[in-house]
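Here's the structure, in C-alpha cells; my notes come after.
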Amino acid sequence: MIVPEELNIVEYPHPALRWKSKPVTRIDTQLKKIVERMFELMYEHKGVGLAANQVGLPYRLFVINPSGEQDNEEWEMVLINPEITSRKGNVEGEEGCLSLPEIYGDVSRSEEIVVDAFDLKGEGFELSLKDFPARVVQHEFDHIEGIMFFDKLTEASKKEVLPQVEQFVNFYRAGQEKGEIPSDEEVQKQLKEIEP
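One point on numbering: in the numbering used here, the residue at position 124 of the sequence shown is 124, and numbering is uninterrupted.
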C-alpha cells in the first residue's frame, strides 16, 4: 500500500526512472494526497517540476511550478495523463534533475509547445507554453516516458555530465550489493503491482 506521507525522491538509476508510466484511471483522495506530497518534495528540494516516477510511482502525472516560488499559485499545476500535441522551434538550455542532484547539462528542447492534460477535478485543459515553462513540461513529460535529461544532452555536455551520472550508478549498485537498496527485480515487481 502507498503511504503518501512516506514518499521520497528516488535517485538514478532507480528502476522507476526508466519505467514508461501508465495512465491514471482514478482521481481519488489517495491521488490528491500523493500530489500534495509531490509538491512538498518539489519545494523542499528547490525544484520546478516533479514526475510521479521520481517518487517511485508508475503514474502518468507530474507537478510543476516554473516560478519555483511556493507562494506563486498562478504557476502551480498538476498535469494528469498529459500529451504534448504541438511543438515549435528549438532552443538549448541548462537542465538539472532532482533524481540526479547537482548535475547540470545543456539540452535542446522545443521552444513552444501545446499540452493537453487533466487536473485533479478530472477536467481536461490545454496549455500553450513557451521558453522555460515549456522546457519544464518537456523535461517532466520525458520522465513519465522513462527518459532522463542526460539522454538528450548536447554533445558538448555529454563529456562532462556522463561521468558524473556513472558515479550515481556506482553508488546505487554498491548499495544494492550491500543489501541496503532493493534489487532492480524487486523494485520492478513492486512497480508492476502498483500500476494503475
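From the three backbone atoms N, C-alpha and C, an ideal C-beta is built for every residue, glycine too.
Those residues which DSSP pairs with residue i across a bridge
i, result
"Met-77", "Ile-64"
"Gly-49", "Ile-64"
"Tyr-59", "Lys-22"
Reduced DSSP category for residue i - H, G, I as helix; E, B as strand; rest coil
i, result
"Leu-31", "helix"
"Tyr-12", "coil"
"Leu-7", "coil"
"Lys-22", "strand"
"Leu-153", "strand"
Buried or exposed (CB count within 10 angstroms, at least 16 for buried), residue i
i, result
"Pro-58", "buried"
"Ser-99", "buried"
"Ala-16", "buried"
"Ala-117", "buried"
"Gly-124", "exposed"
"Gln-54", "buried"
CA-to-CA distance, residue j to residue i, given in whole angstroms
i, j, result
"Leu-31", "Glu-44", "20 Å"
"Ala-51", "Asn-90", "23 Å"
"Glu-166", "Arg-173", "10 Å"
"Leu-258", "Val-137", "The chain is shown from 1 up to 196; residue 258 falls before or after that span and cannot be answered."
"Val-187", "Asn-8", "15 Å"
"Gln-190", "Asn-81", "21 Å"
"Gly-49", "Met-38", "9 Å"
"Pro-101", "Asn-170", "15 Å"
"Asp-106", "Phe-149", "9 Å"
"Glu-112", "Lys-130", "4 Å"
"Ile-34", "His-14", "19 Å"
Any beta strand (DSSP E) of 3 or more consecutive residues that is wholly inside the stretch 80-138: 91-97, 100-109, 112-118 and 124-130
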